[in-house]
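Asker:
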């Protein structure tokens, strides 16, 4: 949804020296388009994946004087902005989820379509891997993860079979895990909805990388960092991410004045306004170009008031 992202952020980046944060840098596609569209823009790119930082450094080389790329997690956003001397910014973009290289490089262990070591770490320097989760978490913990993060109806069945199979031999490969999940899902369900391992792999990825925990910290921090007129745009690919975005933005755009007052209290008036009606979906044209965008949901908000001290 590149064009819509550019459209939503453009008014916030029209000033003389705007600053935007790409909080999930990935391959740098959004960042490159933003830098090209706004010649005076300074971009701060954050990503926990060293490959993403290296790739985007090369991709954005023509704009090197206007970029600051940082290897960090998005939940370090406030700390990163303080460290680079840009505590107030004009725009923030969150493009959540897993990037194409992570899916397409079998050795990263994100995809059930490749037989590889169970890994799934976005930050290859961290210790926790999907292999450790699958082989050491209790059945109750696995059930919770699969149910909450993967929205897997048969979470208990999958977790129970994982525990049974790992007792025979440790589960170390994506193929073996995918086969176990397939065996745990009832045959009638396996015939619809794509690969039955999809939800389990998604749940494990979210757990390994603490994606929701990071976003719970990063989104409020991004709103706090926005200047008057600044905008945040969130692209999510999972219902839990979208729900969290909706809740955080709703809380910031609500008038909290006590009911019954004839005039709203300034201190209780909202600091932000929504720029989207609900979650916007990709267009048919975009889906034709990029089928992986099918699950994308876009929400955006703008700061309309600042606190006075």
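Residue numbers (full-length UniProt numbering): 1 to 309. Beta carbons are placed, not taken as given, at the ideal position from N, Cα and C, and that holds for glycine.
I'd like to know if the region 121–131 and the region 262–274 are in contact, where contact means that at least 3 CB-CB pairs between them fall below 8 Å.
Answerer: no
Asker: Sort 76, 22, 67 by Cα distance to residue 218 and report the nearest one.
Answerer: 76
Asker: Determine whether the beta carbon atoms of residue 320 and residue 280 lie at a separation below 7 Å.
Answerer: The first residue shown for the chain is 1 and the last is 309, placing residue 320 beyond what the model contains.
Asker: Quick one: give me the first and last residue of the beta strand (DSSP E) that residue 43 is part of.
Answerer: 42–47
Asker: Using DSSP with H/G/I as helix, E/B as strand and the rest coil, what is residue 154?
Answerer: coil
Asker: Hey, how far is the Cα of residue 384 from the Cα of residue 74?
Answerer: Summary: the structure shown does not reach residue 384, with the chain confined to residues 1 through 309, and so no result is reported for it.
Asker: In chain order, what are the residue ranges of uninterrupted beta strand (DSSP E) at least 3 long that sit wholly in the region 149–228?
Answerer: none
Asker: Using 10 angstroms around the beta-carbon of residue 393, count the other beta-carbons present and answer buried if the total reaches 16, otherwise exposed.
Answerer: The requested residue 393 does not occur in the structure, where the chain is confined to residues 1 to 309.
Asker: May I ask you to report which of helix, strand or coil DSSP gives residue 30?
Answerer: helix
Asker: Can you tell me which of the three DSSP states residue 77 falls into?
Answerer: helix
Asker: Since residue 22 is in the beta strand (DSSP E), which residue starts that stretch and which ends it?
Answerer: 19–22
Asker: Which residues in the same chain as residue 248 place their Cβ atom closer than 7 Å to its Cβ, once the five residues preceding and following it in sequence are excluded?
Answerer: 219, 220
Asker: In whole angstroms, what separates the C-alpha of residue 118 from that of residue 227?
Answerer: 42 Å
Asker: Is the beta carbon of residue 142 closer than 7 Å to that of residue 159?
Answerer: yes
Asker: Smallest Cα separation from residue 90: which of 96, 38, 295?
Answerer: Of 96, 38, 295, the residue nearest in Cα terms is 38.
Asker: Per DSSP, what kind of secondary structure is residue 271 in: helix, strand or coil?
Answerer: Correct three-state label for residue 271: coil.
Asker: Per DSSP, what kind of secondary structure is residue 25 in: helix, strand or coil?
Answerer: coil
Asker: Kindly give me the distance between the Cβ atoms of residue 195 and residue 121, rounded to whole angstroms, as I take these residues to be in contact under 8 Å.
Answerer: Contact doesn't hold; Cβ gap of about 22 Å is too wide.
Asker: Could you check the C-alpha separation between residue 85 and residue 22 for me, to the nearest Å?
Answerer: 16 Å
Asker: Opposite residue 301 in the DSSP bridges: which residues?
Answerer: 232, 274
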